[in-house]
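J.: Supplied in structure tokens, the structure appears directly below.
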Amino acid sequence: MVGLNTSHANLRTLSNEKYSANEKCNEAWLHLQSLAKIYQPKIDMLVAKRARISNQINERFGLSKLAYSRNNHKAAKKFSKAAKKCIHSIVDIDKKHCALMNILKIAREKNKIAAEHYRVIKAKFSQAHQSCISKRSQVAIMANISEKYKDNVSIIEYKNGAMNIYFGGKGTPSGPGHGHICVDPNGIVRYMRNPWDKHGSHNYTKRDNRPEKNNSC
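Spelled out as structure tokens, the structure:
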């Protein structure tokens with residue numbers, strides 16, 4: 018048994034999973050972009066504000082030190098108090114900055130997870146797709162189907178491993194003028210009719226041992 022039915026079922030499942038994973042990946046990316054559009058300007062403003070206040074702290078502590086060196090303790094205390102007030106503002110800015118950065122961090126992690134999940138599913142789908150192509154090629158070689166019909170072949174596999182193969186029809190593999198090959202559960206071709214050939218018992222490779230109709234013909 019080639020196992021085409023199982024391979025095709027697996028491919029369909031992976032195709033659905035790939036579609037779902039791609040949707041979630043896009044959603045995660047769009048969500049990250051929307052958050053970045055909202056919060057990144059605010060983060061930049063906080064960074065700029067922190068830099069300005071840091072300069073003010075250094076300036077006021079410098080003035081406090083200068084006033085103290087001149088024995089102007091009142092002015093030194095005033096500048097020191099102003100610098101400490103700025104430090105409290107820095108603490109508040111850092112809390113806001115951390116909260117906004119955390120929102121973006123969580124969104125980036127979710128986007129990364131979604132992208133990795135899609136990558137894994139896509140790789141599995143590609144592998145399963147190649148497996149189906151390989152098995153179809155295997156069947157085509159076994160049934161001795163001409164290379165010119167490789168893109169116009171339909172293979173029906175039964176539970177016992179027997180197969181009906183239609184190929185070369187007009188429009189579809191089983192369309193007008195199609196060829197027909199029956200393969201028994203042991204992989205032996207029992208019936209072969211090329212496209213546009215006449216129907217009839219002469220197409221059976223072994224007339225005294227025809228395959229059961231509900232299995233392969």
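All residue numbers in the sequence shown are consecutive under our numbering, ending with 234. Where a beta carbon is used, it is the ideal one built from N, C-alpha and C, also for glycine. A quick note: this is a predicted structure, and the numbers were derived from the prediction, not measured.
1) Bridge partners for Cys199 per DSSP, in chain order?
2) Mapping DSSP to helix, strand and coil, what is Ile162?
3) Do Arg207 and Asp201 come within 8 angstroms of each other at the CB atom, strictly closer than that value?
4) Who pairs with Val170 in a beta bridge, going by DSSP?
5) Does the pairing of the segment 167 to 176 with the segment 141 to 148 give three or more beta-carbon distances under 8 angstroms?
6) Please report the straight-line C-alpha distance between Asn33 and Lys59, rounded to a whole angstrom.
7) Just the C-alpha distance for Ala145 and Ser218, rounded to the nearest angstrom, thanks.
8) Among the candidates Ala38, Leu31 and Ala53, whose CA atom is the shortest distance from the CA of Ser119?
9) Mapping the DSSP letters down to three states, classify Tyr36 as helix, strand or coil.
T.: In this structure, then:
1) According to DSSP, residue pairing for Cys199 in a beta bridge involves Asn181 and Tyr208.
2) Correct three-state label for Ile162: coil.
3) Note that the C-beta distance between Asp201 and Arg207 is below 8 angstroms.
4) In the DSSP output, where bridge partners are listed per residue, Val170 has Phe184.
5) Contact between the segment 167 to 176 and the segment 141 to 148 is absent, because fewer than three Cβ pairs lie under 8 angstroms.
6) If you take the alpha carbons of Asn33 and Lys59, they lie about 40 angstroms apart.
7) Straight-line measurement puts the Cα of Ser218 at about 38 angstroms from the Cα of Ala145.
8) Rather than Ser, the amino acid found at residue 119 in this sequence is Asn. When Ala38, Leu31 and Ala53 are compared, the shortest CA-CA separation from Asn119 is found for Ala53.
9) Helix at Tyr36.
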